[in-house]
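The sequence shown lines up with residues 1 to 660 when you count with full-length UniProt numbering. The structure under discussion appears below in the form of structure tokens.
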Amino acid sequence: MTSAPSIAGTRARVASVLVGLLVAALPAAPVVASPIAAQPAAGHRPPPAHVVGDKTVPAYSYADAIRESVWVETRADTDGDGVRDRVAVDLVRPREAATAGVRVPVIMDASPYYLCCGRGNEGELKTYDAAGVIAKAPLFYDNYFVPRGYAFAAVDLAGTARSTGCEDVGGPAEVGSAKAVVDWLNGRARAFTADGRPVDAAWSTGQVGMIGKSWDGSVANGVAATGVPGLATIVPISAISSWYDYMRYQGNLRAADYPGFLHSYVNGRTDDACAGVLARLRADSADETGDYNRFWAQRDYRPSADRVRASVFVAHGVNDLNVTTNQFARWWQELADQGVPRKLWLYQAGHEDPFDVRRAEWVAALHRWFDYWLQGLRNGVMGEPRVDRETAPGTWTTQRDWPAPGARDVRVPLGAGDGVTGTLGGRGARPGQERAYLDESLTEAELVAEPGTATAGRLVFLSGALTAPLRISGSPSVRLRVRVDRPTTELTARLVDYGTAERISYDNSEGVRTLTTESCWGASTAADDACYRDTEEITAVTDHAVLTRGWLDAAHHRSLRFSSPLLPDRWYTVTVPLNAYDAVLPAGHVLGLVLGQSDPEFTETNDRDATVRVDLGRSELILPAAGRVGLPAVDVAPSVVTAPADPSAARTARDPRQVP
């Protein structure tokens, strides 16, 4: 039985994204024919060679596939040369299907990285033959899916690689350049060969599935938010849904000049044609205020969730510190509110592709997903549990939705404790009981180590040893009643699991190790093999782990659109949102809440040296928890085994700028 709201609850949505499938007379879910896809009724033709039962099979030659490069015209002229930008599209599609007149759907990865930086764990770049036609496309998508009756399109975003124009970092021109390719595949835009000859996509069913990790997946989110017809599904992996939340943490700068840095990182131009675009990026992003403004609203895809026609298959690591988990969690909720058909994979690693976490299962899941949404094969994928979740290294389970069904916000009071360490749970402190701490710009290792020891620059609150497992599922927050002796300060909060366990290790990695062996996923040619080095999760037995983090510029406590400087003699109620998380703390472990201020490893600020006073009796942790929740309170900080704070073991100081 199909799980709501996939088909029965969203029949009109499913019909709109499955148009065009009658071309191959497949045994598909109900569809509505469009002018582009109008073909003889089902049953007038046998299934194409690549369909056997309810799945596609490798029926076409990858070596003999048609490989071509075209340039699709966009609606923008970002470099101001009087000519519309053109984006390079490198295509691989089955020759036998074209010869037989069988149209095929398209899997598309639009990226800024194809020539500058590489894709995937092995940093693959595009390569071309002597005529400038694609010879190697990064990743396994073409190797695996082209023999199964799909085309693959590797798109250079505007201003990158072989495309013209200028990169505007998540903005309308970038999204529009990828959207134009979907339009061309549906007969609504123009494209040209390298020598200027017009070319159409009559071989395409018009059904497109966008996929990509990080920046590539962010583009897929942005294109889906335009509501473009023909985009049937997207698979955003570790992807951004709001560029403000990527470059700003609740009013705090992640790093100065971040949009300019990313523009320059992927810019494919060697002239000064994009100098104006770069100047506008720097001016309009408003580093000096940290405010959410029109520039950021143009790069926020969440408010347009009501325009999404595509189904969405999200994959994200719960310990991703590059593209943090709120990027998927808030997008997921917006999509859920709109009844968008969706699926989710959550895993323990950081900024990783599930291909490098759980390879065979991921390829199989993608295969079934694309077969359903692009080929129209009734394979039951939408009747399965919506969520696959890794609960511990190498241990997976399924559940019907996310956050965990039954999860609710539990208000956990803060207690005064012994004057060194406060408590979580129990009766809590009386209103008016205060604790103060001075900003010391502590590293994360210093903040969370030895929680029972007094350390300047932090406040620590601990539960008692858990008498039963505690499931956290969703987005926590901390509501604080504070008085600050400066117009603003950065406020930070961390939830910590204190207790010995084998966990994914993130020291100088994203929790995954590359091995020397290889496995192959599809067909190969001399120029483009389908083999990739195997990987494994890195684990270590540790005595604590930071689960999730949150930041707030105190002057943005009322709104992210403007600052409200604090008066030193006044109490304010502020909320520090933490990144979404999903974990089970075993019985016997201790849940910790650690408060700090400026956070040089993760953010950049000049607002330091404040003293913050917290009214414990009017402050609380808001914890999204499933099942019965009762945090045992303690009068004195419990004995928690932790490693000493060793400065040499602290996270290496780093530029917080990363590339998505």
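Even for Gly, the Cβ is constructed at its ideal location relative to N, Cα and C. Because the structure is a prediction, the values reported are computed rather than measured.
Closer than 8 Å is the cut-off here; do at least three beta carbon pairs connect the stretch 565-585 with the stretch 447-462? Contact check between the stretch 565-585 and the stretch 447-462: fewer than three CB pairs, one atom from each, fall below 8 Å, which does not count as touching.
Report the rounded CA-to-CA distance for ASN121 versus ASN143, giving the unit in angstroms. Cα-Cα distance, rounded: 17 Å.
Quick check on the burial criterion: 16 or more other C-beta atoms within 10 angstroms. Buried or exposed for GLY520? The question names Gly, but residue 520 is Cys in the sequence shown. Exposed, since its Cβ has fewer than 16 Cβ neighbours within 10 Å.
Does the beta-carbon of ALA130 have 16 or more other beta-carbons within 10 angstroms, so that it is buried, or is it exposed? Exposed, by the Cβ-count rule.
Going by beta-carbon coordinates alone, are LEU495 and SER619 separated by less than 8 Å? no
Endpoints, the beta strand (DSSP E) within which ASP77 is located: Taken as a continuous stretch (DSSP letters only), ASP77 belongs to no beta strand (DSSP E), as it is neither H nor E.
Three-way DSSP call (helix, strand, coil) for PRO656 in this model: coil
contact_flag[the stretch 91-105, the stretch 158-172] where n(CB pairs < 8 Å) is 3 or more: no
Whose C-beta lies closer than 6 Å to the C-beta of LEU621 among residues of the same chain, with five residues either side of it excluded? Here the set comprises VAL412, VAL478, LEU593.
Which residue wins for smallest C-alpha separation from SER242, given the options ALA202, SER285, ARG299, ARG368? Checking every option, the nearest Cα to that of SER242 belongs to ARG299.
Span of the beta strand (DSSP E) holding PHE313? 311-317 is the extent of the beta strand (DSSP E) around PHE313.
Run the CB neighbour count on ARG533, radius 10 Å, all protein chains shown included, and call it buried at 16 or more, exposed below. exposed
So, are the CB atoms of VAL181 and MET108 less than 8 Å apart? Contact flag set, yes.
Rounded separation between PRO656 and GLU604 - CA only: 8 Å
Hey, VAL546 and GLU502 are a contact pair by Cβ (cut 8 Å); roughly how many whole angstroms apart? VAL546 to GLU502, Cβ: 16 Å. No contact.
Quick check on PRO660: buried or exposed, where buried means 16 or more other Cβ atoms within 10 Å of its Cβ? Its Cβ being crowded by 16 or more others within 10 Å, PRO660 is buried.
Is the number of C-beta pairs between the stretch 199-219 and the stretch 73-80 that are closer than 8 Å three or more? no
Which of helix, strand or coil DSSP assigns to TYR114: Here TYR114 sits in coil by DSSP.
Return the CA-CA distance between SER563 and HIS556, expressed in angstroms with no decimal places. 5 Å
Report yes if the CB atom of SER441 is closer than 8 Å to the CB atom of SER598, and no otherwise. yes
How long is the line joining the alpha carbons of ARG254 and TRP402, rounded to whole angstroms? Computed Cα separation, rounded: 28 Å.
For the candidate residues HIS316, SER204, ALA360, whose alpha-carbon lies nearest to that of ARG188? SER204
Validate contact between the stretch 246-253 and the stretch 268-284 using beta carbons, cut 8 Å, 3 pairs: no
Spatially closest choice to TYR113 from ARG561, GLY394, VAL219, PRO469, by CA coordinates: VAL219
From GLU510, ARG549, THR517, SER463, residue whose alpha carbon lies closest to that of ALA493: When each option's Cα is compared against that of ALA493, the closest is ARG549.
Go ahead and label TRP332 buried or exposed: buried means 16 or more other beta carbons lie within 10 angstroms of its beta carbon, across all protein chains shown. Residue burial annotation: TRP332 is buried, with at least 16 other C-beta atoms found within 10 angstroms of its C-beta.
Can you tell me which of the three DSSP states SER477 falls into? strand
What residue from ARG342, ARG558, VAL308 has the CA that sits closest to ARG386's CA? ARG342
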